[in-house]
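Reading through the structure tokens given below for one structure.
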Amino acid sequence: MTAAAIAASGDDFDQLARDAVYRAMFTRRDVRSHFTADDLDDAVLARLITAAHHAPSVGYMQPWNFIVIRDPARRRQVRDLFLAAREQELPAMEAERQALYRKLKLEGICESALNLCITCDRQRSKDSPLGRWHNPEMDLYSTVCAVQNFWLAARAEGVGVGWVSIIETEALKRLLSMPEHVTPIAYLCVGRVSAFAPKPDLEAHGWGKRLPLPELVMSETFRGAGEAPLKSAIARLSGPPKQ
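If you read the sequence shown in this note's numbering, its first letter stands for residue 96, the second for the next number, and so on.
Here's what the structure looks like:
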């Protein structure tokens, strides 16, 4: 399947298309608790993985692989890894946050239609230094771009995605039989959802809030002052373009 078979031809986006792109970005959520029992059709999953495969990659290395995990027993094993990692993480929390942390729903491993592990093969472009000679970690960053493509395409398809990061890497590699040179980048819970929350779960539960963007914009150097017109333009935005 080619990109042309999925997207309309032409270089320009009309206003509806632009709005749709921004809507996917602004309403994308890390889904944990809204998965339904509905199956996810392979045709939809194929489109999502195809979108991921068209992510930018430094040196055109395309270092990603996609492990589809459907087996309930294997998924329970992954959830056990999550539970163990969560207990290891807890003591590092501030005491006043530990109670809230225990209440948070942080995964949907067994509830979602399927799981997907997106990995980075660190040997795939070992003979090509293009873009990696001074920054050898660019294969990892490229794979993260594939994750983002998958996530935004999923939102456009009405499919929920939750990234489970509380898993010990080496334990996950052993469970999924990954060779040494392959690194798991994202373990995703994927499936149909009853709703997309109006705001991120961690924000809704008081764990944190979105930082004011104008304070994050710098001019010429780190902490460089300036760009007042740009910061004012950013401050006037309150979300995705209105339709």
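Beta carbons are placed, not taken as given, at the ideal position from N, Cα and C, and that holds for glycine.
My assumption, with CB atoms under 8 Å, is that residue i sits in contact with residue j. Please give the rounded CB distance.
{"i": "Val288", "j": "His148", "result": "That belief does not hold up - the Cβ atoms of Val288 and His148 are roughly 24 Å apart, past 8 Å."}
{"i": "Leu283", "j": "Gly257", "result": "7 Å"}
{"i": "Ala146", "j": "Asn210", "result": "Actually they are not in contact, since the Cβ atoms of Ala146 and Asn210 sit about 18 Å apart, beyond 8 Å."}
{"i": "Cys212", "j": "Leu271", "result": "6 Å"}
{"i": "His300", "j": "Leu135", "result": "That pair is no contact at about 27 Å."}
State the start and end residues of the unbroken beta strand (DSSP E) segment that holds residue i.
{"i": "Ile262", "result": "Segment: none, Ile262 is in no beta strand (DSSP E) and carries neither H nor E."}
{"i": "Ala281", "result": "277-287"}
{"i": "Leu211", "result": "209-216"}
So, residue i versus residue j, is the Cβ gap smaller than 8 Å?
{"i": "Arg169", "j": "Leu247", "result": "no"}
{"i": "Phe177", "j": "Val242", "result": "no"}
{"i": "Val277", "j": "Asp222", "result": "no"}
{"i": "Leu308", "j": "Ile329", "result": "yes"}
{"i": "Leu225", "j": "Gly154", "result": "yes"}
{"i": "Cys240", "j": "Ala150", "result": "yes"}
{"i": "Leu185", "j": "Arg127", "result": "no"}
{"i": "Pro293", "j": "Thr238", "result": "no"}
{"i": "Leu235", "j": "Ile280", "result": "yes"}
{"i": "Ile261", "j": "Ala141", "result": "no"}
Give the range of the alpha helix (DSSP H) segment to which residue i is assigned.
{"i": "Asp234", "result": "233-251"}
{"i": "Ile329", "result": "323-331"}
{"i": "Leu308", "result": "Element bounds for Leu308: n/a, residue is neither H nor E."}
{"i": "Asp296", "result": "296-299"}
{"i": "Leu195", "result": "190-198"}
Alpha carbons only, please: which of the options is nearest the one belonging to residue i?
{"i": "Thr214", "options": "Phe161, Gln193, Ser272", "result": "Phe161"}
{"i": "Ser327", "options": "Glu310, Asp106, Ile164, Phe317", "result": "Glu310"}
{"i": "Arg118", "options": "Pro231, Arg250, Ala138, Arg171", "result": "Arg250"}
{"i": "Ala115", "options": "Ala266, Arg318, Lys198, Gly253", "result": "Gly253"}
{"i": "Arg165", "options": "Pro279, Arg331, Asp137", "result": "Asp137"}
{"i": "Val139", "options": "Arg171, Gln218, Ala208, Ala190", "result": "Ala208"}
{"i": "Gly203", "options": "Val173, Ala179, Pro231", "result": "Val173"}
{"i": "Asp125", "options": "Leu199, Ala112, Gln193, Ala179", "result": "Leu199"}
{"i": "Thr131", "options": "Gly286, Asp106, Pro295, Pro324", "result": "Gly286"}
{"i": "Pro295", "options": "Met156, Gly255, Arg219", "result": "Gly255"}
{"i": "Ser152", "options": "Thr316, Pro324, Ser220", "result": "Ser220"}
{"i": "Pro231", "options": "Asp109, Ser314, Asp175, Met156", "result": "Met156"}
{"i": "Val163", "options": "Met120, Pro274, Ile144", "result": "Ile144"}
{"i": "Arg171", "options": "Gln183, Arg318, Pro274, Leu267", "result": "Leu267"}
{"i": "Pro324", "options": "Asp109, Gln218, Met313", "result": "Met313"}
3 or more residues per run - each beta strand (DSSP E) lying fully within the segment 100-181:
159-164
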